[in-house]
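Novice:
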Amino acid sequence: MPLRRSKVLVKWLIENQHKFQTRSRRLRRPINKTSPHITPDISFRYDDLRVSLAAPYQLRPKPDVGDLGFGKFFTDHMLKVYYQPTLGGWQKPEISPFENLSMHPASKALHYAVQLFEGMKAYRGKDDKIRLFRPELNMHRMNLAAQRSSLPMFDGEELIKCISRLVQIDQEWVPHSEQSTLYIRPTLIGIEPAFGVQASDSALLFVILSPVSSYYKASSDGAVSIYADPSVVRAFPGGVGNRKVGSNYGPTIETTSKASKLGHHQVLWLFGPDHQLTEVGAMNIFMVYVNENGGNAHLHPIITLLIAISVINNFA
Ligand SMILES: Cc1ncc(COP(=O)(O)O)c(C=O)c1O
16 MPLRRSKVLV
26 KWLIENQHKF
36 QTRSRRLRRP
46 INKTSPHITP
56 DISFRYDDLR
66 VSLAAPYQLR
76 PKPDVGDLGF
86 GKFFTDHMLK
96 VYYQPTLGGW
106 QKPEISPFEN
116 LSMHPASKAL
126 HYAVQLFEGM
136 KAYRGKDDKI
146 RLFRPELNMH
156 RMNLAAQRSS
166 LPMFDGEELI
176 KCISRLVQID
186 QEWVPHSEQS
196 TLYIRPTLIG
206 IEPAFGVQAS
216 DSALLFVILS
226 PVSSYYKASS
236 DGAVSIYADP
246 SVVRAFPGGV
256 GNRKVGSNYG
266 PTIETTSKAS
276 KLGHHQVLWL
286 FGPDHQLTEV
296 GAMNIFMVYV
306 NENGGNAHLH
316 PIITLLIAIS
326 VINNFA
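Read left to right, the sequence shown gives residues 16 to 331 (this note's numbering).
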């Protein structure tokens, strides 16, 4: 992450090294052995996928790459899979024209934040091929969040195949640009139409696609200015900081707005009396600096249970 005032940063880093763990070697993290038990025979299956294509009049105009921003435009199709125990659990996945959802106003997702989501991307390569980046890690993280939310789990391989088909159908929406990508947002929500803080007996998994450019606003030199306020925490031990559930994100907005008013782009989330580093906005933080011996040092936050399991920063 490029940061402004690099000299100040290096001094601060050296003074605060004890708050990080150092990594000397880059290793790929194997999928955690404590991953939730997925029972493939109750998952939905790609082979059952039904596709209904948008009619020509339903197709949306594609925005110019320069106007994209983040998450403002959506493609022509979406994927939906319902979970209804009375009908035997997961139903057949369906790709259909993009549309609004209709749900009961008492749905648990709307009242108790029984919901979770993922963020992944499809990239158009120089060879014009479209590739997903480590999608199996997103599926793993999504199932961990489903388990923590008492929402139904599924076979990640099957969802990857359904997502690949959706991206293939909307392939012209994958930007022809090195600065932009197609953001993929798989989401799982509890839709049981009943009050009561209990597990939702029914759910909807949907996937929508949005062509995007950079998520982070930065200065003209590409630097991101960060703001840290030790009086607010994003996550705490035993909480859900390491799960991608919406209830982690909404309560951060007030502090992020404050940071913005003070002229900063993002919030550095601290934890504990000694202000341990956790993450910056919606991204993990790691740092590389030149140590006093002239070698490269690589630093990671220590308290990994408070931070999202990163797909990009996939270190062992
Ligand atoms: C809170 C938070 N931290 C870190 C990350 C970085 O994760 P990834 O490496 O998958 O982009 C994300 C993004 O999903 C996030 O929401």
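The beta carbon of each residue, even a glycine, is placed where N, CA and C say it ideally should be.
Because the structure is a prediction, the values reported are computed rather than measured.
1) For the stretch 103-173, which segments carrying the alpha helix (DSSP H) assignment without a break, of at least 4 residues, lie completely within its bounds, in sequence order?
2) Quickly, what does DSSP pair threonine 267 with across the bridge? List them, please.
3) What does a CB cutoff of less than 7 Å around isoleucine 324 pick up in its chain, not counting 5 residues either side in sequence?
4) Whole angstroms are fine: how far does the CA of aspartate 244 sit from the CA of aspartate 62?
5) Within the continuous beta strand (DSSP E) that includes asparagine 311, where are the two ends?
6) State whether the stretch 161-175 contacts the stretch 128-135, with contact taken as three or more CB pairs (one from each stretch) at a distance under 8 Å.
7) Measuring only from the beta carbon, is isoleucine 9 closer than 8 Å to any heavy atom that is part of ligand 1?
8) Does any heavy atom of ligand 1 sit closer than 8 Å to the C-beta of isoleucine 327?
9) Assign valine 303 to one of two classes, buried (16 or more other C-beta atoms within 10 Å of its C-beta) or exposed (fewer than that).
10) Please report how far the alpha carbon of histidine 313 lies from the alpha carbon of isoleucine 327, in whole angstroms.
11) Glycine 104: which of Leu320, Phe59 and Ser262 sits nearest, CA to CA?
12) Using CA atoms only, rank isn't needed, just tell me which of Leu125, Arg149 and Val189 is closest to glycine 211.
13) Per DSSP, what kind of secondary structure is isoleucine 199 in: helix, strand or coil?
14) Please work out which residues of its chain come closer than 7 Å, Cβ to Cβ, to asparagine 311, disregarding the five sequence neighbours upstream and downstream, and give them in chain order.
15) Quick check: does the Cβ of methionine 298 come within less than 8 Å of any heavy atom belonging to ligand 1?
16) Candidates Ser111, Phe113, Glu193 and Met298: which alpha carbon is nearest tyrosine 231's?
Specialist: In this structure, then:
1) 123-127 and 150-163
2) In the DSSP output, where bridge partners are listed per residue, threonine 267 has none listed.
3) Arg156 and Asn257
4) 50 Å
5) 311-316
6) yes
7) What the structure shows of the chain is the stretch from 16 to 331, and residue 9 is not part of that stretch, so it cannot be assessed.
8) yes
9) exposed
10) 16 Å
11) Phe59
12) Answer by Cα proximity: Leu125.
13) strand
14) Val303 and Val305
15) The beta carbon of methionine 298 sits closer than 8 Å to at least one heavy atom of ligand 1.
16) Nearest of Ser111, Phe113, Glu193 and Met298 to tyrosine 231, Cα basis: Met298.
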